[in-house]
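Below: one structure, written as structure tokens.
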Amino acid sequence: MEGKLFTYDSESRYVAFESNSSLPNKTIFIPGLTDGLNALPYLPLLTQQLASIGYSLIQPILPSSYLQYGISSLSNDCKYIDKLIKHVLDTSSVGTLVLIGHSTGCQQILYYMKHGEYTERISAVVLQGAVSDREFFMWDNSDQTTKYVHLAKSLNVHDLLPRDVDIAPMTAGRYLSLATRLGLDDMFSSDLTDAELINIFSGLGAGVNVGICFSGADEYVPPSVDPKMLLQRWTKSTKEGVNVAAVIIPDADHELSTQEAQEAFCKHVLQILTEA
Numbered sequence: 001m002e003g004k005l006f007t008y009d010s011e012s013r014y015v016a017f018e019s020n021s022s023l024p025n026k027t028i029f030i031p032g033l034t035d036g037l038n039a040l041p042y043l044p045l046l047t048q049q050l051a052s053i054g055y056s057l058i059q060p061i062l063p064s065s066y067l068q069y070g071i072s073s074l075s076n077d078c079k080y081i082d083k084l085i086k087h088v089l090d091t092s093s094v095g096t097l098v099l100i101g102h103s104t105g106c107q108q109i110l111y112y113m114k115h116g117e118y119t120e121r122i123s124a125v126v127l128q129g130a131v132s133d134r135e136f137f138m139w140d141n142s143d144q145t146t147k148y149v150h151l152a153k154s155l156n157v158h159d160l161l162p163r164d165v166d167i168a169p170m171t172a173g174r175y176l177s178l179a180t181r182l183g184l185d186d187m188f189s190s191d192l193t194d195a196e197l198i199n200i201f202s203g204l205g206a207g208v209n210v211g212i213c214f215s216g217a218d219e220y221v222p223p224s225v226d227p228k229m230l231l232q233r234w235t236k237s238t239k240e241g242v243n244v245a246a247v248i249i250p251d252a253d254h255e256l257s258t259q260e261a262q263e264a265f266c267k268h269v270l271q272i273l274t275e276a
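Going by the UniProt record's numbering, the sequence shown opens with residue 1, and the numbers climb by one from there.
The structure is reproduced here in structure tokens:
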């Protein structure tokens with residue numbers, strides 16, 4: 001991938017990489033845990049497809065990028081997304097502004113749409129691979145999850161948990177956010193009530209186009225979860241006037257590793273953005 005690397009915050013020296021920067025419309029891509037620049041296999045194709053309808057693709061480094069996520073938070077990243085958007089608006093003539101998230105990046109987008117400074121500039125959001133960290137943790141290793149939730153509750157939120165809790169250094173606060181019911185990151189669990197989901201999706205205002213792409217064979221989704229029911233409930237939880245288009249990509253894994261899945265995702269994204 002080719003593009004321009006720029007510093008969007010002079011104090012932290014955080015950078016972002018923009019492909020096709022001369023195009024008037026901007027897409028900001030927020031990836032998931034452990035991810036950084038060019039982390040997803042579908043990004044080259046997505047970049048090409050976005051350019052065909054006049055959109056650039058911006059990939060920022062955030063406080064949670066790579067293995068920093070365990071010592072960061074949704075609220076901390078939100079501040080830097082604001083810094084990024086301000087920089088983009090100040091340095092270029094921006095038409096339409098869109099957010100696309102992968103995995104935990106989907107949580108970040110919903111959090112941003114409730115708490116960010118520039119939400120009125122966002123015309124569309126796309127959520128790809130939105131899954132419940134809490135449900136995956138319990139499905140993958142319930143004993144360890146229960147053990148570390150108990151430990152984390154006994155600590156200060158800024159205290160670090162033992163190194164074997166995760167591949168990244170992890171504070172008690174971030175672990176509780178990911179692993180407990182209604183933790184700040186707990187937005188996509190199948191046991192959340194209708195009222196809880198309405199609150200989670202409440203940042204999406206009338207007129208915003210929303211695309212949700214669920215992977216039909218996502219390895220982070222327990223077999224007990226019904227994707228169709230989940231998408232129906234998420235769609236019903238949005239405000240009146242929010243335009244939601246939700247699809248399940250058959251046989252797709254979490255990161256859309258096959259060409260077929262990538263093409264299906266990009267097609268859905270373009271459908272959402274042509275209406276933005």
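Virtual Cβ for every residue (Gly too), placed ideally from N, Cα, C. Small disclaimer: the values here were computed from a predicted structure and weren't measured.
Checklist entry - Going by the beta-carbon positions, is the gap between residue 198 and residue 224 smaller than 8 Å? => result Locating residue 198 in the sequence shown gives position 198, counting from the first residue. Locating residue 224 in the sequence shown gives position 224, counting from the first residue. In this structure, residue 224 does not lie closer than 8 Å to residue 198 by Cβ.
Item to check | Residues that residue 277 bridges to, as DSSP identifies them | outcome: Past the boundaries of the shown model lies residue 277; the chain is included only from 1 to 276, so the question cannot be answered.
Next on the checklist: I'd like the list of long-range same chain contacts for residue 276, defined as Cβ closer than 6 Å, with 5 residues on each side in sequence excluded.
Outcome noted: Along the sequence shown, one-based indexing puts residue 276 at 276. So the qualifying residues of the chain are 96, 123, 124 and 209.
Checklist entry - Pick from 13, 11, 29 and 12: whose alpha carbon is nearest that of residue 19? => result Residue mapping note: residue 19 aligns to position 19 of the sequence shown, counting from 1. Comparing Cα-Cα distances from residue 19 to each of 13, 11, 29 and 12, the minimum goes to 29.
Item to check | residue 101, DSSP secondary structure in three states | outcome: In the sequence shown, the residue the question calls residue 101 occupies position 101. Strand.
Item to check | N- and C-terminal bounds of the alpha helix (DSSP H) containing residue 253 | outcome: Position 253 of the sequence shown, counting from 1, holds the residue named residue 253. For residue 253, there is no enclosing alpha helix (DSSP H), as DSSP gives it neither H nor E.
Item to check | DSSP three-state assignment for residue 302, whether helix, strand or coil | outcome: As shown, the chain starts at 1 and ends at 276. That puts residue 302 outside it, with no answer to give.
Checklist entry - Comparing alpha-carbon positions, which option in 45, 128 and 51 lies nearest residue 25? => result Here residue 25 refers to the residue found at position 25 of the sequence shown. The shortest C-alpha to C-alpha distance from residue 25 to any of 45, 128 and 51 is the one to 51.
Checklist entry - Run through DSSP, which three-state label would residue 194 get? => result Walking along the sequence shown from the start, residue 194 turns up at place 194. Look at residue 194 here: in three-state DSSP terms it is helix.
Checklist entry - Skipping 5 residues on each side, what residues in its chain have a beta carbon closer than 8 Å to that of residue 228? => result On the sequence shown, position 228 is the one that residue 228 refers to. Cβ neighbours of residue 228 within its own chain (closer than 8 Å, five residues either side excluded): 248.
Checklist entry - Ordered along the chain, which non-local residues of its own chain (more than five positions away) have a Cβ less than 7 Å from that of residue 27? => result Residue numbering aside, residue 27 sits at position 27 when the sequence shown is read from its first letter. Excluding sequence neighbours, residue 27 sits near 50, 55, 56, 57, 58, 98 and 100.
Checklist entry - Would you report the Cα separation of residue 212 and residue 191, rounded to the nearest angstrom? => result Stepping through the sequence shown from its first residue, residue 212 is reached at position 212. Stepping through the sequence shown from its first residue, residue 191 is reached at position 191. C-alpha separation (whole angstroms): 19 Å.
Next on the checklist: Report the CB separation of residue 72 from residue 63 in whole angstroms; it is logged as a contact under 8 Å.
Outcome noted: The count along the sequence shown starts at 1 and reaches residue 72 at position 72. The count along the sequence shown starts at 1 and reaches residue 63 at position 63. 4 Å between Cβ atoms; contact.
Checklist entry - What do you get for residue 207, buried or exposed, if any count of 16 or more other CB atoms within 10 angstroms of its CB means buried? => result The residue given as residue 207 occupies position 207 in the sequence shown. Around the C-beta of residue 207, fewer than 16 other C-beta atoms lie within 10 Å, and the residue is accordingly described as exposed.
Checklist entry - Between 127, 37 and 78, which lies nearest to residue 61 when the distance is taken from Cα to Cα? => result Here residue 61 is taken as the residue at index 61 of the sequence shown, counted from 1. Each of 127, 37 and 78 was checked against the Cα of residue 61, and the nearest Cα belongs to 37.
Item to check | Same chain only: Cβ atoms within 8 Å of residue 245, ignoring 5 sequence neighbours per side | outcome: The residue labelled residue 245 in the question sits at position 245 within the sequence shown. Here residue 245 has 209, 210, 211, 212, 268, 271 and 272 as same chain residues with Cβ atoms under 8 Å from its own Cβ, once five neighbours each way along the sequence are excluded.
Next on the checklist: Here's a check: name, in chain order, each residue in its chain whose Cβ is nearer than 8 Å to the Cβ of residue 119, leaving out the five neighbours to either side.
Outcome noted: Stepping through the sequence shown from its first residue, residue 119 is reached at position 119. Correct list, in chain order: 112, 113, 203 and 205.
Next on the checklist: Once the 5 residues before and after residue 184 are set aside, which same chain residues still bring their CB inside 6 Å of it?
Outcome noted: For the purposes of this step, residue 184 is taken as residue 184 along the sequence shown, with counting starting at 1. Cβ neighbours of residue 184 beyond the five flanking positions: 74 and 177.
Checklist entry - Nearest to residue 166 by CA position, among 3, 133, 215 and 31, is which residue? => result Translated into the one-based positions of the sequence shown, residue 166 becomes position 166. Minimum Cα distance to residue 166 is reached at 133.
Item to check | DSSP three-state assignment for residue 211, whether helix, strand or coil | outcome: As a working note, residue 211 is residue 211 in the sequence shown. Strand at residue 211.
Checklist entry - Any idea which residues DSSP pairs residue 56 with across the strands? => result Position 56 of the sequence shown, counting from 1, holds the residue named residue 56. Residue 56 has 26 as its beta-bridge partners, per DSSP.
Checklist entry - Would residue 87 be called buried (16 or more neighbouring beta carbons within 10 Å of its own) or exposed? => result Looking up residue 87 in the sequence shown gives position 87. Counting every other CB atom within 10 Å of its CB across the protein chains shown gives residue 87 a total of 16 or more, marking it as buried.
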